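**Student:** Mind looking over this structure? Questions follow.
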Amino acid sequence: MSRDVALDRVTMRFGAITAVRDVSLTIGAGEFFSFLGPSGCGKTTILRMISGFMEPTSGAIRIGGQDMRGIGPNKRPTALIFQNLALFPLMTVGENIGFGLEVRGVPKVERHSAVQRLLDLVALPDAADKRVTELSGGQRQRVAIARALAVEPSVLLLDEPLSALDLKLRQHMRAELRAIQRRTGVTFIYITHDQGEALTMSDRIAVMNHGVIEQVGDGASIYDHPDTAFVAAFVGEANRFAGTVAEVADGIAALDTPVGRLLGRNPRGLRPGDRAVLFVRPERMREDGAENALAARVSHCDFEGAFVTAVLETADGVRLQVHTPHRGGALPFPPESAARVGFCAGDAVVLPPGDAA
Amino acid sequence: MRAVLEPALRRYGAPLTVTLLVMSAAWVLLMIALPQLLMVDYSLRPMLPPSKLGGPEDVHTLRNYGTLWSNAIHLGIFLKTVWGSALVTAVTLALSYPMAFYLAQVAPKRKLPTLVLMLVVPFWINEILRTFAWYIILAYNGPLNALLVGLGVWAEPVRLLGGDGGVIAGMVYVYVLFMVLPIYNAIETLDRHQIEAAHDLGAGWIAIHRRIVVPHAKPGIAVGCIMTFMLAAGSYAVPALLGGPQSRWFTEIIYNWFFEGGNWNQGAAYAFILLVLCVGFILLMMRLFRVGLTDIAR
Amino acid sequence: MTAAGLRRLMTRAYLVVFFGYLFLPLGIMAAATFNASRFPTVTPWRGFTLDWFRVLAEDLRMWQALGTSLLVGAAVVAVAVPLGIAAALLLDRLHGRARTLLYAVMVSPLLTPGIIIGISTLVFWKQWFGVTGGLFLTVVAQSSFIATYAMLMALARLQRFDTSLEEAALDLGASHWQAFRRITLPYLMPAAYSSALIAFLQSFENYNTTLFVRGVETTLTIYIATKVRTGLTPAVNALSLVLIALTVLGAVAYEIMRRREARAAEHRAP
Ligand SMILES: Nc1ncnc2c1ncn2[C@@H]1O[C@H](COP(=O)(O)OP(=O)(O)OP(=O)(O)O)[C@@H](O)[C@H]1O
Ligand SMILES: [Mg+2]
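Chains as they are written, first to last, in the numbering used here: chain A, 1121 to 1477; chain B, 3 to 300; chain C, 76 to 345.
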């Protein structure tokens, strides 16, 4: 049975450091929810508070509506997959997976069948009697997942579980994790600093910076409609132009920048005279410059098969990236040539400068 | 108190933390701290028959400590113990330093495990047995006399047992390994390149040892000296086996107060003086070599 | 001869002299066992005999003393090892001043002369509990400093412990006690075995402390010392030879164990 997790104005301080500041959000039952943010932003701290290894300095954590204050990690309906996995080196794979059941007093026979079921689930049917040290990185990863699922948690917490794996395995495990989550219906709370992981797996993502949640939403809305300059810069790639707002009308702002006046959406309601940054994704740039036209020289152009990435430089030395799909024929943007590019106002967003990573 | 124990409570939970606390307290209080304190208290009281305990004469006094001053024989033995232990320490240091240096820096890597094992094994052998070995060597009809007479060093066998010389020679033998191993451990961490660099810069062997090796080995030397001095000053077995009535050690006086003089209070005072001597030596070494307690207990 | 050659020669000579100094006395003592002389010596040599082993085997008081030593040793292991491990577990979770102070007190027995440990134990138990010297006080006095060895060994191992293993156990629903019993304690077992061995040997060979708290009991070490002073025969050498042989075996086994453990630790570290 999966449950929802609610954080209510949670703050965690370590002496002078505030690792988590005033975080409020609700994670739905059965959701795959990710916390995305740079190293040291407080992700692990949030997870350790949910699992009960730390009590928040202030604020409350509720799981399935029940306040968790004073309830130890061994009494919470959560299971944590540690950043280093923390498999028990002196036990076999089967003993590791069965540990949670063993300490609950589940009889041996039942335990055995549960362990076997879980090993099948994580595609390691013959590993029960192996030593943990005999397994590869990806296999250990699966054992850790099976061990956590064995206690039938309502909420599974995963702390950068794929960071130690190589690229191929990481991509494979992404799909696997997502499939396990669908099959079990358990609430997954997933921590990562890898945006690709967060975007591909999650129902919703919370982007964190310096202990604060900057934005919560599904992958598309975070990518297409960032609320802050940090989110726009941290998630995906973006061309950026700093300047001053000149005019606003109909949800569009005109920004005076070193390369001229540029138009973009104005979701934060900036006013003329405000300092601001305009962000536009490289794949939203167009070869013809209708609106927001820019003259630039091509400094280089990389052919990547499915698409082409060109790096351009304007007369004022502002660098631009352009992604275009490759549809056969000659490559666009021959190096050292002059080019005109542009973008629609609806594809760009103007945000307060804030803390752009 | 709760704040101090917070990490333990988090990790072990209350029942286990309390158990650990009770066990540690039993050891630290009942077996270490209180006995020492009580020994000091005991040494400050006069010896009284049971009927007078708690009476008007049962007061704190320094009289038991005064005994050492007024008894010239005891004072002489005490001073001899001090300088004898210092001598043992100095001789063992001189004997051990080259060995420690050889093992740590010169010995070929392949032979090292065997050499270290050869040093460690005698270290495990009972102190009494090692002392007894010297008893046989020093005996009047023993091999050392036979050898020296045979070489013509002296014409007649000489009494080697029962004198201060035999006691000190025996102590050097018995405690030398407490000096070698700590110095070896310290020099082992010295990067060989430092010596080579100094050599390259034209430093002679004496300069290299004085400026590079010895400063690096300081913690080890301090530990070795502390252990050797403490063991020598507190030794009962060696003087009891190799010494005689003319070469009594301070520990033997203490023993006599307890089990022949029957004056425990007096014995406790002498024991405390011995403890103060050792603690004083430890502090002196820590100051001299600028090392801390964690360097010592490893 | 070159300077380097001379230095090598001198080094070799020094090594021979040093190891000769270490082993020759033990060798002479062992050799005296086989000399058919009433007094243990190798000069003059009066012919080979194994008779002193028979004399030793028939010495009833020796067997009694051995029994006492084994009993005391076992009791010291049972007391000192758990105390030392408990103290290490506690120290591992303390910080700052409390830790420094407690550590200093726990280590102090190693820097205290053995006879003072014996005396303070004797006086304390007599004064507070009316207990006089005997087996009980021998075990207590020996344990008070042997526990320090156990503490240091357990602490060294704990410092390499990955505490997230305990957290993982708790997270999976184990009680604090279950996490301790299933995770922490098994991890500490190698240190417990080594310290049990050390504790037993330390207890077995202890003389200075035991002398003051033994009452009328006689351990084997005490018995040997008494024999050397009164009634010395080569039977004592025979006994010494047996003990040395056992110790050497034990020491070599322990060293091999320790090195294997150290190598395993190196392997595990990335
Ligand atoms: N036990 C602690 N004591 C003191 N400071 C801590 C503690 N745990 C975390 N911090 C601090 O809190 C901040 C957030 O740490 P946290 O481990 O939550 O970061 P993270 O987002 O998980 O980083 P990473 O991606 O590197 O794992 C950091 O500045 C860290 O130094
Ligand atoms: Mg982290």
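Cβ atoms here follow ideal geometry from the backbone N, Cα and C, with glycine treated the same way.
Keep in mind that this is a model prediction, so the values were computed, not measured.
Ignore the nearest five residues each way along the sequence and tell me which others in Asn147 (chain B)'s own chain have a CB closer than 6 Å to its CB.
**Tutor:** Pro159
**Student:** Note the first and the last residue of the continuous beta strand (DSSP E) segment covering Glu1334 (chain A).
**Tutor:** Where Glu1334 (chain A) is concerned, the enclosing beta strand (DSSP E) stretches over 1332–1337.
**Student:** Let me see if you follow: with CB-CB separation under 8 Å, is Gln253 (chain C) close to chain A or not?
**Tutor:** yes
**Student:** Going by CA-CA distance only, name the one from C:Pro188, C:Thr213, C:Leu165, C:Val91 that's closest to Val178 (chain C).
**Tutor:** A quick correction: the sequence has Tyr, not Val, at residue 178 (chain C). Closest by alpha carbon: C:Leu165.
**Student:** Closer than 7 Å by beta-carbon distance: list the chain C residues that pair up with Arg1224 (chain A), in chain order.
**Tutor:** Gly248
**Student:** Taking 8 Å as the limit between beta carbons, can you name the residues of its chain near Ala1477 (chain A), skipping five residues before and five after?
**Tutor:** The predicted position of Ala1477 (chain A) is uncertain, since its pLDDT is 47 and thus under 50; a value taken from the coordinates is nonetheless stated next. Around Ala1477 (chain A): Pro1158, Asn1329, Phe1350, Ala1353, Phe1354.
**Student:** Give a single yes or no on whether Asp1246 (chain A) has its beta carbon closer than 7 Å to a heavy atom of ligand 2.
**Tutor:** no
**Student:** Assuming contact is defined by CB atoms lying nearer than 8 Å, are Val1442 (chain A) and Gly1384 (chain A) in contact in what I supplied?
**Tutor:** no
**Student:** Hey, Ile319 (chain C) and Leu119 (chain B) are a contact pair by Cβ (cut 8 Å); roughly how many whole angstroms apart?
**Tutor:** Wrong, their Cβ atoms sit about 15 Å apart, outside the cutoff.
**Student:** Check the Cβ of Glu310 (chain B) against every Cβ in chain C and list those closer than 8 Å, keeping chain order.
**Tutor:** Outside the displayed span of chain B (3 to 300) sits residue 310 (chain B), for which this structure offers no information.
**Student:** I'd like the list of long-range same chain contacts for Leu1238 (chain A), defined as Cβ closer than 7 Å, with 5 residues on each side in sequence excluded.
**Tutor:** Ile1217, Ala1266, Leu1269, Ala1270
**Student:** Taking 7 Å as the cut-off, is the C-beta of Lys1163 (chain A) nearer than that to any heavy atom in ligand 1?
**Tutor:** yes
**Student:** With 16 as the cutoff for other CB atoms within 10 Å, does Pro345 (chain C) come out buried or exposed?
**Tutor:** Caution is warranted here: a pLDDT of 40 is assigned to Pro345 (chain C), below 50, making its placement in the model unreliable, and the coordinate value is therefore given only provisionally. Looking at its Cβ environment, which holds fewer than 16 other Cβ atoms inside 10 Å, Pro345 (chain C) is exposed.
**Student:** Is the beta carbon of Val84 (chain B) less than 8 Å from the beta carbon of Val174 (chain B)?
**Tutor:** no
**Student:** Could you check which residue in A:Ile1372, A:Glu1215, A:Gly1337 has the C-alpha nearest to that of Arg257 (chain C)?
**Tutor:** A:Glu1215
**Student:** Using beta carbons (cut-off 8 Å, strictly below), is Ala344 (chain C) in contact with chain B?
**Tutor:** In this prediction, Ala344 (chain C) scores a pLDDT of 48, lower than 50, which makes its location untrustworthy; no coordinate-derived value is stated.
**Student:** I'd like to know if Pro145 (chain B) contacts chain F, where contact means its C-beta is closer than 8 Å to some C-beta of that chain.
**Tutor:** Note that chain F does not occur in the displayed structure, where the protein chains are A, B and C.
**Student:** For Arg1260 (chain A), would you say it is in contact with chain C, using Cβ-to-Cβ distances shorter than 8 Å as the test?
**Tutor:** no
**Student:** So if I threshold CB-CB distances at 9 Å, which residues from the segment 159–193 of chain C count as touching chain A?
**Tutor:** Those residues of the segment 159–193 of chain C that come within reach of chain A (Cβ to Cβ, closer than 9 Å) do not exist; the list is empty.
**Student:** Does the segment 232–251 of chain B come close enough to the segment 46–65 of chain B that 3 or more CB-CB pairs lie under 8 Å?
**Tutor:** no
**Student:** Check whether the segment 180–195 of chain B touches the segment 93–101 of chain B, counting contact only when three or more Cβ pairs, one atom from each stretch, lie closer than 8 Å.
**Tutor:** yes
**Student:** At a threshold of 7 Å, does Gly172 (chain B) count as lining ligand 1 (C-beta to nearest heavy atom)?
**Tutor:** no
**Student:** Hey, does Pro265 (chain C) have any beta-carbon neighbour from chain A nearer than 8 Å?
**Tutor:** no
**Student:** Does the distance between the C-beta of His1313 (chain A) and the nearest non-hydrogen atom of ligand 1 fall short of 7 Å?
**Tutor:** Yes, since a heavy atom of ligand 1 falls inside the 7 Å radius drawn around the Cβ of His1313 (chain A).
**Student:** Determine, using beta carbons only, whether Leu240 (chain C) comes closer than 8 Å to chain A.
**Tutor:** yes
**Student:** Taking only the alpha-carbon atoms, compute the straight-line gap between Leu277 (chain B) and Phe1134 (chain A) and give it to the nearest angstrom.
**Tutor:** C-alpha separation (whole angstroms): 45 Å.
**Student:** State the CB to CB distance for the pair Met41 (chain B) and Ala219 (chain B), rounded to an integer number of angstroms; the pair is presumed to be in contact (CB under 8 Å).
**Tutor:** Not quite, the Cβ-Cβ distance comes to about 35 Å (not below 8 Å), so this is no contact.
**Student:** Hey, does Ala243 (chain C) have any beta-carbon neighbour from chain A nearer than 8 Å?
**Tutor:** It does; some Cβ of chain A falls within 8 Å.
**Student:** For the segment 1196–1210 of chain A against the segment 1164–1182 of chain A, are there 3 or more C-beta pairs whose distance is under 8 Å?
**Tutor:** yes
**Student:** Rank B:Ile197, B:Ser72, B:Asn258, B:Pro115 by C-alpha distance to the C-alpha of Arg335 (chain C) and give the top, closest one.
**Tutor:** B:Pro115
**Student:** For Leu46 (chain B), go through chain C and note every residue whose CB falls closer than 7 Å to its CB, in chain order.
**Tutor:** Neighbours of Leu46 (chain B) in chain C, taken as residues at a C-beta separation under 7 Å, are lacking, since the least C-beta distance is about 12 Å.
**Student:** Along chain C, which residues have their Cβ under 8 Å away from the Cβ of Tyr104 (chain B)?
**Tutor:** Thr86, Tyr89, Leu90
**Student:** Just curious, the alpha helix (DSSP H) that Leu1383 (chain A) is in, first and last residue?
**Tutor:** It is not in any alpha helix (DSSP H) - Leu1383 (chain A) instead sits in the beta strand (DSSP E) that spans 1380–1385.
**Student:** Is there at least one non-hydrogen atom of ligand 2 closer than 7 Å to the beta-carbon of Asp1279 (chain A)?
**Tutor:** yes
**Student:** Measuring straight from C-alpha to C-alpha, what distance separates Arg47 (chain B) and Met104 (chain C)?
**Tutor:** 46 Å
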